[in-house]
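Visitor: First the structure, then my questions, so here it is.
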Amino acid sequence: MVKHFTLACLLAATALSAAQAEISVRASLSQTAPWVREEVLLTLEVVDDRSILEQKITPWTPPGIIPRPLPGQQERVKTETGVVILHRHRWALMPLYPGALTVQPPTLEIRAQDQGAGQSPRRLILSAPPLNLDIRPLNPLLPADVPVGALHIDTAPLPADIPRGRPFTLQLTIDGQGLSARGIRRWLEEGLRDTGSLRLYPLDVKLIDVPDPAQPLRQRAEARLTLEPRASGLIRLPGMTLPFVDPADGALRMVALPETRLRVLHPLWLALRPWMPWLVALTAIAVGAWFGAPRWHRLRARRTWRRTLAEADTPHALRRAWRQAPVGADIPEAIPKLARLDAACYGNRPLDGKGLDALKAELIAMTRQTRKKSSDAR
Amino acid sequence: MSLLPWHLDVALDWRWPWAFALLLLPLALALLAQKRRTRLLDYADPALRPWALDDNPRGSGARHILHALAWLLLAVALAGPRTPLQTLREATPMRHDVHILALLDMSDSMHATDIAPSRLERARLKLHALPERLAGEALGLAVFAGTAGLVMPPSTDPEVFRFALGQSEGVLDDAPGSELALALDAAARQLPERPGSGRAILLLTDGDTDMVRGNAVLEAVERLRETGIPLLILGLGTATGAPIPDGAGGFREFEGQPWQSRMDRAALEEMAHRTGGQFIPVEDGDDDLNALARAIRALPSHPESGTARAWNELFHWPLLVALALLLLAYRPRATASARGTGGRSASATVLIPLALATTLTLTPNESRADPNATPATAYAAWSRGDFVQAQLLYARLSGAQARMGEGASAYRRGDFNHAAQAFTTAWLLAGNDNTRADALYNLGNAELKAGRPERAVAAYEQALRLRPKDERAEANLWLARQHAEARSSKKTRPDDPPGRKPTDVARYDEDVSADFPTEDTPSGGDLSVGGPGASRRRPGEPQALALGEADRQAAAKKLELLHDAPAPAWRAMMRGEAPSRATEGLPW
């Protein structure tokens, strides 16, 4: 292949010495039938027999085309005549009009060292022959900012917890061809017209270089969306759509970033969160105290009552003590025993000391059984 | 309306003073209860009353007092107590004639991320949002790092300020350092004294420089005080601080140790107070900007500032106390019966979340930026024929249907170019072929009315490919072709359509007028060429440029790809005026 470069060298300058014949230039296009606004790779290869001291590309403004300079390459290649250096200059050409178009590649100004001893460097003007493009028309209704080339959109993960009122950024990466910062910004803003409770700050879209020898036309854009939630809860982040023309068939396609929901935290919750274990414990204690206090009061009242019953040493004292029953301590089972006590107090059936103690013990036992029964029932 | 029964330094105002009438309700209930009790007392003998009347003497008096107090406080809360934030001075102009120069610190320490996204980013966001809160004050921008420069002099145009703010990014990347004294002097020079006008410097900085406490800064602050320029400071950073990124994935070091950049709050407060200004730390939310706006409005100017009436609402305090009293009144007691306990527990269950909810909502949430911009409200505006309002409302919504509505509104207003743009966007964003066909059909109509029949033909043809049996599109396609041919052959009138008479376009339009859609947004065939707005053209609307379609598209693409990089020009301009660096310090 390298032989072809030397044999089919395309020198515009005719009066070259034999020593200069090893310097040649060739131009090629990655395709000859692109769509309107689809970028084509133009490669200008300069075969250098290691005598080139300096090479300069003259200003180039081809009509009907927007050229985008791409990083050049340099490679050492071994040929039959020796080692040569292959300089590759590259451009992405975007044709703007449909139909046939002849592209004249840019002209090179070269300063080369003559191989003859003692000779001063020579100046050469090299130009490759024109190339032909047959540009296919696009849908005439398509706006100019819809790129012709497949797009891929990717997004960096969002922060997990977003506090209300604190700005955060959403980083989008868009890979494709024929990109422009203005075009991407226009289509992203189109999807962000209604951000609801999210305050949107100006979009920052930048085209960045991604040197990829395998895909020299590939471009990358990084879009940075700064948003500030103005409400807490689940907040809607609207979806975004980027249309593009698929160069395979010229059809309209789109890539979309679906709508998502953000969890925005209330500032008060954020302030409280470190204290939550303590707050939960305190709340549990407070709730326990709130609902346990009445029961504790009841238990204490019953205990006091039982003590009063136990301390009663006469039937009258026992009857008085029984009347001090706390609220809710109704014991229907005790009615026969109380009748016996009433008879001892007011009737003619006195109780001796042992009988009184037995009756007292039975009554106290009933207060305990009642409590147990009510606990079981509960 | 002031109903203040006691003397206070601030004038207490009531939003709805009629709510105090609710205080009469407990009195009425008490009278009713008294009447009922009297009837009961008449019914039973005194000896039988303990059995006849179900009195509950324990705690009832205290509970009644708690109820009464809670009711009183609820009525007070409903009446809406509030204090004025500003006094309204009638017959004073609204414009507050003050020139403010925002002085943005762009030193490396501003890249620390103890404030999200970074100090510098947050400062930019605050500056971006600041013009919304101004009342006619002129705002300019200067930046400083190792040197200082004016980006734009004070202007009352917020968009110009925002543009300059966007352009200021990176203009001092090659000037490391933090020459605060030099920047303050330079900013003061940009604010000459003008009769009848106030002035101030708004400094946005983290104060992280070894010079913030140095003599040079103190002298600069003293000069500001002497010239009567107050220093308002938005402090960016935290006491904990953060390391300074070095741009290569690491952090800046000082004497072999990572440098922790902290905001020097005390020094900044001292600077602000010495000049009669104010120090405001940057926080999440808008409280800092609101405080800054209040400080700006408090700056003296002549004529005196006219202020809008604003209120500090105080209703939540009596409401909270009332809820606490109700909680106290319904706390469980030892004497409570099982039924009563359950009821009171339920009350507590309701009241506790209510109290918490009230507490949590003390800070009012800002929900939608514009609650009126919904598909329903936009369609309502469309339905009542308010196409200007409909267009504005649809323009704030996203999606293909919103663009259809926007385009339809613009079409009805006679703005066919805008309508065509909106329909094109709707076509590109549409999720299904039916919506695409609708958008293309409407696009054809708009293009035809805008005087571009060739594009209209393309639109109708594509609509017919998606919906082959669309009679309206077929009819309009025929009409568009006639127009295109007439234009190409300089004919003034199209031929008669086959089987149709007469040739008059307006009469023909009547044939293709369509039904109004039933969807939420206007779409489809409602925008026939003969629609109500079809014959109207906006007064003064320029004719389309006599440019070929391909030329127009090529020019649009070139404009889109135009790469304007004004930063070097700004940098060069600032270099020409930048004062020389006075001292040598840390590079951040």
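Chains Y and C, in that order, are what the protein sequence lines are. Residue numbering for the first sequence follows this note's numbering, beginning at 1 and increasing consecutively. Residue numbering for the second sequence follows this note's numbering, beginning at 1001 and increasing consecutively. Built from N, CA and C at the ideal position, the CB exists for glycine as well.
Under 7 Å Cβ to Cβ from R1487/C, same chain only, skipping five residues before and after it: list those, please.
Guide: Taking the first residue of the second sequence as 1, we reach residue 1487/C at position 487. Cβ neighbours of R1487/C beyond the five flanking positions: P1453.
Visitor: Rounding to the nearest angstrom, what Cα-Cα distance links M1152/C and A1142/C in this structure?
Guide: Walking along the second sequence from the start, residue 1152/C turns up at place 152. Walking along the second sequence from the start, residue 1142/C turns up at place 142. Taking the straight line joining both Cα atoms gives about 7 Å.
Visitor: Just to confirm the assignment, what range does the alpha helix (DSSP H) spanning T308/Y have?
Guide: Here residue 308/Y is taken as the residue at index 308 of the first sequence, counted from 1. Segment M276 to E311, the alpha helix (DSSP H) holding T308/Y.
Visitor: What's the C-alpha gap between H1483/C and L1392/C?
Guide: Counting from one through the second sequence, the residue named residue 1483/C turns up at place 483. Counting from one through the second sequence, the residue named residue 1392/C turns up at place 392. Roughly 32 Å separates the two Cα atoms.
Visitor: Report the partner residues of T79/Y according to the DSSP bridge assignment.
Guide: Locating residue 79/Y in the first sequence gives position 79, counting from the first residue. T79/Y pairs with G82/Y.
Visitor: Measuring straight from C-alpha to C-alpha, what distance separates V46/Y and R88/Y?
Guide: Against the first sequence, residue 46/Y aligns to sequence position 46. Against the first sequence, residue 88/Y aligns to sequence position 88. Going by the C-alpha atoms only, they are around 6 Å apart.
Visitor: Residues in its own chain within less than 6 Å of G1277/C by CB, not counting five upstream and five downstream?
Guide: The count along the second sequence starts at 1 and reaches residue 1277/C at position 277. Within the same chain, G1277/C has close Cβ partners P1230, L1231 and L1232.
Visitor: For chain C, find out if any of its Cβ atoms is closer than 8 Å to the Cβ of V146/Y; answer yes or no.
Guide: If you number the first sequence from 1, residue 146/Y lands on position 146. Yes, V146/Y counts as interfacial toward chain C.
Visitor: Per DSSP, F168/Y forms a beta bridge with which residues?
Guide: As a first step, residue 168/Y is located in the first sequence; it is residue number 168 there, counting from the start. Bridge partners of F168/Y: L227/Y.
Visitor: Determine whether the Cβ of P1117/C lies closer than 8 Å to any Cβ atom of chain Y.
Guide: To locate residue 1117/C, count along the second sequence from 1; it is residue 117. P1117/C counts as touching chain Y.
Visitor: Could you give the residue range of the alpha helix (DSSP H) that holds L192/Y?
Guide: Position 192 of the first sequence holds residue 192/Y. No alpha helix (DSSP H) contains L192/Y, which DSSP labels as neither H nor E.
Visitor: Judging by CA-CA distance, which residue of D1108/C, A1395/C, K1557/C and L1299/C is the nearest neighbour of R1199/C?
Guide: Reading the second sequence from its first residue, position 199 is the one you call residue 1199/C. Residue L1299/C is the option with its Cα nearest to R1199/C.
Visitor: Would you please state the rounded distance, in angstroms, between the beta carbons of W1016/C and L1078/C? I believe it to be under 8 Å.
Guide: Numbered from 1 along the second sequence, position 16 holds the residue referred to as residue 1016/C. Numbered from 1 along the second sequence, position 78 holds the residue referred to as residue 1078/C. With a Cβ gap of about 7 Å, W1016/C and L1078/C count as contacting.
Visitor: Which residues share a DSSP beta bridge with F1279/C?
Guide: The residue labelled residue 1279/C in the question sits at position 279 within the second sequence. I1233/C, per the DSSP bridge assignment.
Visitor: Does the segment 91-98 of chain Y come into contact with the segment 121-132 of chain Y, if we say contact requires no fewer than three beta-carbon pairs (one atom in each stretch) closer than 8 Å?
Guide: The segment 91-98 of chain Y is not in contact with the segment 121-132 of chain Y.
Visitor: How would you label T226/Y, buried or exposed, when you count the other beta carbons within 10 angstroms and need 16 or more for buried?
Guide: Stepping through the first sequence from its first residue, residue 226/Y is reached at position 226. T226/Y comes out buried.
Visitor: Given a threshold of 16 other Cβ atoms within 10 Å of its Cβ, counted over all protein chains shown, does A1463/C qualify as buried or as exposed?
Guide: If you number the second sequence from 1, residue 1463/C lands on position 463. It counts as buried.
Visitor: Please list the partners that K1558/C has in chain Y, where partner means a Cβ-to-Cβ separation under 8 Å.
Guide: For the purposes of this step, residue 1558/C is identified with residue 558 of the second sequence, where counting begins at 1. Per Cβ cutoff of 8 Å: I66 and L96.
Visitor: Buried or exposed for S1168/C, going by 16 or more other Cβ atoms inside 10 Å?
Guide: Taking the first residue of the second sequence as 1, we reach residue 1168/C at position 168. By the neighbour-count rule (16 or more Cβ atoms within 10 Å), S1168/C is buried.
Visitor: If we count Cβ pairs, one from each stretch, closer than 8 Å, do we get three or more for the segment 127-143 of chain Y versus the segment 162-175 of chain Y?
Guide: The answer is no - the segment 162-175 of chain Y does not touch the segment 127-143 of chain Y, with fewer than three Cβ pairs under 8 Å.
Visitor: Which residues in the same chain have their Cβ closer than 7 Å to the Cβ of V1457/C, if we skip the five residues on either side of it in sequence?
Guide: For the purposes of this step, residue 1457/C is taken as residue 457 along the second sequence, with counting starting at 1. Counting only Cβ-Cβ distances below 7 Å, and skipping sequence neighbours, we find L1477, A1480, R1481 and A1484.
Visitor: Taking the straight line between their C-alpha atoms, what separation do you get for D352/Y and L359/Y?
Guide: In the first sequence, residue 352/Y corresponds to position 352, counting from 1. In the first sequence, residue 359/Y corresponds to position 359, counting from 1. The straight-line gap from Cα to Cα measures roughly 10 Å.
Visitor: If you measure beta-carbon to beta-carbon, which residues of the segment 231-252 of chain Y are closer than 8 Å to chain C?
Guide: Going along the segment 231-252 of chain Y in chain order, one finds A231, S232, P238, T241, P243 and L252 with a Cβ nearer than 8 Å to chain C.
Visitor: In terms of DSSP beta bridges, what is G353/Y paired with?
Guide: Walking along the first sequence from the start, residue 353/Y turns up at place 353. In the DSSP output, where bridge partners are listed per residue, G353/Y has none listed.
Visitor: On the criterion of 16 or more Cβ atoms from any shown chain inside 10 Å, does N1290/C qualify as buried, or is it exposed?
Guide: Within the second sequence, residue 1290/C is the residue found at index 290, counting from 1. Its Cβ having fewer than 16 others within 10 Å, N1290/C is exposed.
Visitor: At the level of alpha carbons, what is the spacing between E1283/C and R1082/C?
Guide: Within the second sequence, the letter at position 283 stands for residue 1283/C. Within the second sequence, the letter at position 82 stands for residue 1082/C. One C-alpha to the other measures close to 26 Å.
Visitor: CA-CA distance, R111/Y and V25/Y?
Guide: The residue given as residue 111/Y occupies position 111 in the first sequence. The residue given as residue 25/Y occupies position 25 in the first sequence. Those two C-alpha atoms are separated by around 14 Å.
Visitor: Nearest to A1422/C by alpha carbon, out of D1286/C, M1263/C, N1442/C and A1019/C?
Guide: For this step, residue 1422/C is matched to residue 422 along the second sequence. Measuring from the Cα of A1422/C, the nearest candidate turns out to be N1442/C.
Visitor: Report buried or exposed for A156/Y, applying the criterion of at least 16 other Cβ atoms within 10 angstroms of its Cβ.
Guide: As a first step, residue 156/Y must be located in the first sequence, where it is residue number 156. Exposed: under 16 other Cβ atoms inside 10 Å.
Visitor: Go through its chain and collect everything with a Cβ distance to P69/Y's Cβ below 7 Å, but skip five positions before and after it.
Guide: By 1-based counting over the first sequence, the position of residue 69/Y is 69. If we look at P69/Y and ignore the five residues flanking it on each side, its Cβ neighbours are W91.
Visitor: Which chain C residues sit within Cβ distance under 8 Å of L193/Y?
Guide: In the first sequence, residue 193/Y corresponds to position 193, counting from 1. Leu is not the amino acid found at residue 193/Y; the sequence shown has Arg there. Neighbours of R193/Y on chain C, chain order: A1395, R1396, L1397, S1398 and A1402.
Visitor: Between A286/Y, A361/Y and G288/Y, which lies nearest to P315/Y when the distance is taken from Cα to Cα?
Guide: Walking along the first sequence from the start, residue 315/Y turns up at place 315. Of the candidates A286/Y, A361/Y and G288/Y, the one whose C-alpha sits nearest the C-alpha of P315/Y is A361/Y.
Visitor: Could you tell me the alpha carbon to alpha carbon distance between P336/Y and H297/Y, rounded to whole angstroms?
Guide: Counting from 1 along the first sequence, the entry for residue 336/Y is found at position 336. Counting from 1 along the first sequence, the entry for residue 297/Y is found at position 297. About 29 Å.
Visitor: Could you name the residues of chain Y that Q1257/C contacts, counting a contact when the two beta carbons are closer than 9 Å?
Guide: Residue numbering aside, residue 1257/C sits at position 257 when the second sequence is read from its first letter. Neighbours of Q1257/C on chain Y: none; closest Cβ ~29 Å, over 9 Å.
Visitor: Of all Cβ atoms in chain Y, is any one closer than 8 Å to the Cβ of T1240/C?
Guide: Taking the second sequence and counting its residues from 1, the one referred to as residue 1240/C is at position 240. It does not: the Cβ of T1240/C has no partner Cβ on chain Y nearer than 8 Å.
Visitor: What's the C-alpha gap between F244/Y and S1107/C?
Guide: Counting from 1 along the first sequence, the entry for residue 244/Y is found at position 244. Counting from 1 along the second sequence, the entry for residue 1107/C is found at position 107. Between F244/Y and S1107/C, the C-alpha separation is close to 41 Å.
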